Amino acid sequence: MNIGIPKEQRPNEYRVGLSPAGIQLLCQDGHTCFVEHDAGKGAGFGDQDYEQAGASIVFSPEEVFGRADLLLKLARPIKSELEWLQPGSAIAGFLHLASARKDKLDLLLKKKITAIAYEQIEEEDELLPVLRPLSQIGGAMAAQTSARLLQNKWGGRGILLGLIPGVPPAEVVILGGGVAGMHAARAFRGLGAHVTIIDNDMDALQRAAEYFRGVTTMMSTPKNIRKVTGFADVVIGAVYEPGQRCPILVSREMVRAMKPGSVILDLSIDMGGCVETSRPTTHADPVFIEENVTHYCVPNISSVVARTATHAFVNASVPYILELANRGIQGAMDNNPAIKLSINTHAGDLLHLSRQFNGN
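Just so we're aligned: the sequence shown equals residues 0 to 359 in numbering that gives the first Met the number 0.
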């Protein structure tokens, strides 16, 4: 199979769809890999690293897209990238099509592209193995990002998260007790903040209560969310539902009632966001003020730790990439239910996706 790894086109996206180690595994199995010039530069991988692993370097995005039977990306493709795809080919990445623009989906269906969403690869134990490491990174980064945004120079309330004797710690509310939420809780607790975790799954709350001493757990109800956002210094949105747009849990009215200078960090923004006032931002311009509250809504938060993120992603994704390449797309779909659940479009049909068009 011909496999292409392009340079990511989105601004401030430094990650890459496969490392040289992954390329070497594919080439050992007899596949041909084309890597766009400087595709791995942001993650610290040079063209020579890819060539030594067995790849051929190409010098335009059109060429890498045009040669590929299977295109391996990380970030959701922009419109021009979808136009470069060859009819009947396949693309894999963190696609988040449930919150993408309708014209992108229409193009995938028209060209009969097989769209493989890494975030929807789901094993029998309901774990999302490829999404998991990036959720872990996002959760960990939520604490360090929030700590910075609470500083006066960023328009924050001038609060340290905690660990100062005689001074109450910051109040952090985490919406969602999944992988991102739990890693955020661990990072915030390490910095001394008081953490409240809200979820609608009692098992998730039970795990959080057993794992963390001093963390408050609450069921997800509008009344409880209104209560905790009212005293929060930081609200973290860490809600995820595979194949669906994220539900709005925090209304504009709730945001308006928050303390001036408090912070919202919506990790769910790649699936539309769980806060009504959220809108996507970039690493170049990451924050905005709405209702006197600082909002940070960068969809690709882990892209600025590109080397760590790429290594973690490749560790998790390589078994599935090898299966797609070695069995072929249809063979992998037929033989692996986890991969089948990740297929959003195939042969002109829409699969495993609940649509609400309003994204990018």
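Think of the CB as a built atom: it goes at the ideal place given N, C-alpha and C, for glycine as much as any other residue.
Note that this is a predicted model, so its numbers are computed, not measured.
- According to the DSSP assignment, Ile-196 belongs to the beta strand (DSSP E) that extends over 193-198.
- Boundaries of the alpha helix (DSSP H) harbouring Leu-204: 201-210, taken from the DSSP string.
- In this structure, Asp-48 sits away from Ile-56, with a CB-CB distance that is not shorter than 8 Å.
- Exclusion of the five residues before and after Phe-64 leaves Gly-3, Pro-5, Leu-70, Glu-80, Trp-83, Leu-84, Gln-85 as the residues of its chain whose Cβ lies within less than 8 Å of its Cβ.
- The three-state secondary structure of Cys-26, taken from DSSP, is helix.
- Put simply, the backbone Cα of Ser-277 is about 12 Å away from that of Pro-285.
- Residue nearest to Pro-132 within the set Val-234, Arg-156, Ala-169, Ala-308 is Ala-308 (criterion: CA-CA distance).
- Assigned with DSSP and collapsed to three states, Phe-44 falls in coil, not helix or strand.
- Look at Thr-228 here: in three-state DSSP terms it is helix.
- With contact defined as three or more Cβ pairs closer than 8 Å, the region 325-342 and the region 154-169 are not in contact.
- Between Ile-90 and Lys-72, the C-beta gap is smaller than 8 Å, which places the two residues in contact.
- Comparing C-alpha distances from Ala-346 to each of Ile-235, Ser-88, Ser-267, Lys-103 shows the shortest one belongs to Ser-88.
- The three-state reading of DSSP puts Thr-220 in coil, since its state is none of H, G, I, E or B.
- The alpha-carbon of Phe-287 is positioned some 10 Å away from that of Pro-279.
- One thing to note: Ala-67 has its Cβ no nearer than 8 Å to the Cβ of Arg-9.
- Three or more Cβ pairs drawn from the region 186-194 and the region 208-215 lie within less than 8 Å of each other, which places the two stretches in contact.
- Distance from the CA of Ser-302 to the CA of Asp-333, rounded to the nearest whole angstrom, comes to 33 Å.
- Each residue's CA atom was taken as its position, placing Val-34 and Ala-116 some 21 Å apart.
- Sequence-distant Cβ neighbours of Leu-352 in its own chain, meaning closer than 7 Å and more than five residues away, are Leu-96, Ala-97, Gly-242, Asn-343.
- In the DSSP assignment, Asp-265 is bridged to Gly-236.
- With distances taken between CA atoms, Ile-247 lies nearest to Gly-175 out of Val-317, Gly-175, Gly-21, Asn-314.
- Counting C-beta atoms within 10 angstroms of its own C-beta, Asn-291 has fewer than 16 neighbours from the protein chains shown and is therefore classed as exposed.
- Counted as a single uninterrupted DSSP element, the alpha helix (DSSP H) harbouring Asn-314 occupies residues 305-326.
- Nearest C-alpha to Val-234 among Gln-51, Asp-348, Ala-146: Ala-146.
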